[in-house]
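Read top to bottom, the protein sequences are chains A and B.
With this note's numbering applied, the first sequence corresponds to residues 7 to 208, in that order.
With this note's numbering applied, the second sequence corresponds to residues 64 to 426, in that order.
Ideal Cβ positions, reconstructed from N, Cα and C, are used throughout, including at glycine.
What follows is one structure encoded as structure tokens, with my remarks underneath.
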Amino acid sequence: MSISGYPDAVNELIELLKGLPGVGRRSAERMALAMLDWNPDKLDALGSVLKELPGRVGFCPECGHLSEKDHLCGICASASRDHSTICVVEDPSQVINIEKSALFRGVYHVLGGKLAPLEGKTPENLNIEKLKERVAGGKIREMVLAFSSDVEGRATAIYLAGLFSGSNVKITRLASGLPAGSNISFADPETIAAAFSGRTNV
Amino acid sequence: MAFFLLTFMIKRIKLKDFRNYKHLDIETGNPVNILTGANGQGKTNLLEAVFFVSMLRSFRTSRINDIKNIGSGGFYAAMEVMTGKWAKMLEVEYYGGRKLKIDNAPVVKASEFIREIRTVAFSPDDATIVNGNSSLRRRFLDMFISIMLPGYMSALHVYVTALKSRNTVLKTHGSNKAMLEAYEPMLAESALFIVKQREYHLRLLCENINLILKGFYDSDTVFDIKYKTDVPADLPLVMRKFSNERKKDILRGFTGFGPQLDEIDFYLNGSMMRNYASTGQCRLISLCLKMAEVNILAADSSVDPANIVVLIDDVTGELDEKSRNTFFKIISKAGQAFFTFTEKPSDDFFDNSIEYKVNNGKI
Ligand SMILES: [Zn+2]
């Protein structure tokens, strides 16, 4: 350890925590110091959860949502969901948030991002091939595009609408209940419910 | 001459690592404020800070990195402003990314932040708006319309992001028509809005400048602005142009038309200023341009005149007495003014002003 700094182990922890979104150096320091106060059992539990994370969590082979490793997610596995209506979203946090509104009874498709050529996000590195496969399977009747209304979200929606315009799938998008530039991940359940009930054709 | 308004905008300015201000915290509780001191001490830097907190841009540079104090990791600038009955704290932080706060609450959208104060800066560099290339006039105009109409800034942002995206796709995925098309409706919509607003506000500016010139000269000096755009007149036409030009766009690797190529030219008595005007004429017209901005803002019913702040960086020196009086009369429409001088001038206008002596980043 340096004469005036933290011990090496604490520094390493701070460096790792700093890599998390929204965590700056100072909050990382506070978190690390708080963990030093934890009892060894709790630290052990945290350690093993982290260690098992990659082995236990995977992506649903059907929709791309987070799931128990090598298993369908709960939504795809459920017989009570409407498997003919598919809601296409950017990332898993949106699935979780839309589920909170408890209004949508269909299934999802998680793209793993939005079309953003400026950040190197192009159709090849989005989960689009699987979506084509699901549509080609013939069971999908409606596709709801639930993207934010920023440039990337709008471009992704237009791109997908164009891609599936020749199919028999009815393509809709959420009603304008969501404020411009807003992100579905942060919208409240009422807003999401309103947006779903008023969806419009693309 | 006095400022007629009892309320005024900026009560306090706080800076950290902003240009040559390591730390500054001053009260600015007066309508007319004069910053005096030798050159290079930081008078203009303070005006720049006021402008930056109001507009989230500098009137001197487009490079954010130029603004931070040399050797520091970023900068902080804040102002306490009166909007209506309450004082609000506006804070801008640039350490790594940009953070905006109003009364401690984070603000995500710039267009929301710049709604608080309407600031017009007069700078000796303004002559380049008149004699420089069209991009400088577009930049001036875009900033002016953003002050008048905060939604304009959002439209510009959408346009620029979509344009950059489409240009990247042209270079990397030129054959993917669906990907190119994904940006075209957004581009068309925002381009039409931008062009319409530019046309309208240029007309306003032009009329107003002619009125101001009459006050200066009583003569038949005629000022004119010619605006040329290759954006077609309506949505279906713009969309058709996108599809007609797509092949050419792919070959050249960028979008070949749009408001980013608009040409704006100023004419004085029939001759194009950027080619034929003297330095003096360019300075005068640039001054008129900014005065017109103040006039238009003050006449706008959606703007509280108390929220208009004018920053005057060393531009009145070469005006004769009559022109000076016209100038002071127009800027008196604002709620507050900040001037820079090497020493306090003798005009009556400054009788009730407060003087701040600027010396090497300290006041
Ligand atoms: Zn699934």
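**Q.** Terminal residues of the beta strand (DSSP E) in which A:Arg205 lies
**A.** No beta strand (DSSP E) holds A:Arg205; DSSP gives it neither H nor E.
Q: Taking only beta-carbon positions, decide if B:Ala251 is within less than 7 Å of chain A.
A: no
Q) Between which two residues does the beta strand (DSSP E) containing B:His264 stretch? A) Segment 247-280 is the alpha helix (DSSP H) holding B:His264; no beta strand (DSSP E) there.
Q: With hydrogens ignored, establish whether the beta-carbon of A:Glu139 is closer than 6 Å to any heavy atom of ligand 1.
A: It does not: the Cβ of A:Glu139 is nowhere closer than 6 Å to a heavy atom of ligand 1.
(Q) I need the boundaries of the alpha helix (DSSP H) containing B:Thr405, first residue and last residue. (A) No alpha helix (DSSP H) holds B:Thr405; DSSP gives it neither H nor E.
**Q.** For B:Phe185, the nearest candidate out of B:Ile375, B:Lys392, B:Gly398, B:Asn83 (CA to CA)
**A.** B:Ile375
(Q) By the three-class DSSP mapping on this structure, what secondary structure does A:Gly183 have? (A) Since pLDDT at A:Gly183 reaches only 49, below the 50 mark, its modelled position is unreliable, and no value is offered.
Q. Since B:Arg200 and B:Ile192 are thought to touch, with beta carbons under 8 Å apart, how far apart are those beta carbons, to the nearest angstrom?
A. 6 Å
Q: Give a single yes or no on whether A:His71 has its beta carbon closer than 6 Å to a heavy atom of ligand 1.
A: yes
Q. Using the beta-carbon of each residue, which ones in chain A are nearer than 9 Å to B:Glu244?
A. Ile164, Tyr165, Gly168
Q: Could you list the residues in the stretch 219-232 of chain B with a C-beta less than 7 Å from some C-beta on chain A, going in chain order?
A: Interface annotation for the stretch 219-232 of chain B against chain A: Val221, Thr224, Ala225, Lys227, Ser228, Thr231, Val232, criterion Cβ-Cβ distance under 7 Å.
Q | Reduced DSSP category for B:Val428 - H, G, I as helix; E, B as strand; rest coil | A | In this structure chain B extends from 64 to 426, so residue 428 of chain B is not present and cannot be described.
Q: Measure from the C-beta of A:Arg111 to each C-beta in chain B and report whether the shortest distance is under 7 Å.
A: no
Q) Going by the C-beta, is A:Glu214 closer than 6 Å to any heavy atom of ligand 1? A) Because chain A in this structure spans residues 7 to 208, residue 214 of chain A falls outside the shown range and cannot be described.
Q: Determine the direct distance from the alpha carbon of B:Glu143 to that of A:Val113, and round the result to whole angstroms.
A: Cα atoms of A:Val113 and B:Glu143: separation of roughly 50 Å, rounded to the nearest angstrom.
Q. Quick one: what's got a C-beta closer than 7 Å to A:Phe170's C-beta in the same chain, skipping five residues either side?
A. Val141, Met149, Ile177
Q: Say whether the stretch 353-366 of chain B touches the stretch 281-299 of chain B, bearing in mind that this needs 3 or more beta-carbon pairs closer than 8 Å, one atom from each stretch.
A: no
Q: Say yes only if the C-beta of A:Cys66 is nearer than 6 Å to one or more non-hydrogen atoms of ligand 1, and no if none qualify.
A: A:Cys66: yes, Cβ under 6 Å from ligand 1.
Q: Tell me the start and end of each unbroken beta strand (DSSP E) in the stretch 165-222 of chain B that is at least 3 residues and wholly inside, in chain order.
A: 168-170, 181-185
Q | Runs of alpha helix (DSSP H) lying entirely within the stretch 302-386 of chain B, each at least 4 residues, in chain order | A | 336-339, 342-362
**Q.** Under 7 Å between C-beta atoms of A:Ala163 and A:Arg147
**A.** The Cβ atoms of A:Ala163 and A:Arg147 lie no closer than 7 Å to each other.
Q.
So, for A:Asn133: in the same chain, excluding its five sequence neighbours on each side, which residues have a beta-carbon less than 8 Å away from its beta-carbon?
A. Gly70, His115, Val116, Leu117, Gly118
Q. With a cut-off of 8 Å, do at least 3 Cβ pairs link the stretch 171-190 of chain B to the stretch 207-223 of chain B?
A. Yes, since at least three Cβ pairs between the stretch 171-190 of chain B and the stretch 207-223 of chain B fall closer than 8 Å, the two stretches touch.
Q: Assign A:Leu124 to buried or exposed, taking buried as 16 or more other Cβ atoms, counted over all protein chains shown, within 10 Å of its Cβ.
A: exposed
**Q.** Same chain, Cβ closer than 7 Å to B:Lys304, neighbours up to 5 away in sequence not counted
**A.** Pro295, Phe320
**Q.** For B:Ile89 and B:Ile76, believed in contact at Cβ under 8 Å, the rounded distance
**A.** 5 Å
Q: Output the distance between the C-alpha atoms of B:Leu314 and B:Pro299, rounded to the nearest integer angstrom.
A: Take the alpha-carbon of B:Leu314 and the one of B:Pro299: they are about 24 Å apart.
Q. Just checking my contact of B:Ile61 with B:Cys351 at CB under 8 Å: how many whole Å lie between their CB atoms?
A. What is shown of chain B runs 64 to 426, which leaves residue 61 of chain B out entirely.
**Q.** Beta-carbon neighbours of B:Ala241, restricted to chain A and to distances below 7 Å
**A.** Tyr165, Gly168, Leu169
Q: Kindly indicate which residue of B:Gln260, B:Lys234, B:Cys269 has the alpha-carbon position closest to the one of B:Ile288.
A: B:Cys269
(Q) Can you tell me where the alpha helix (DSSP H) holding B:Met72 begins and where it ends? (A) Counting along the chain, B:Met72 falls outside any alpha helix (DSSP H), and DSSP gives it neither H nor E.
Q. Taking a cut of 8 Å between CB atoms, which residues from the stretch 95-127 of chain A lie near chain B?
A. Leu121, Ala122, Pro123, Leu124
Q: Leaving aside the five residues before and after A:Glu96 along the sequence, list all residues of the same chain whose C-beta is less than 7 Å from its C-beta, in chain order.
A: Leu117, Gly119, Lys120, Phe153
(Q) Taking only three categories from DSSP, how would you classify B:Thr124? (A) coil
Q: Kindly indicate if chain B contains any beta-carbon less than 7 Å away from that of A:Val157.
A: yes
Q: Pull up the distance between the alpha-carbon of B:Glu326 and that of A:Asn174, whole angstroms please.
A: 46 Å
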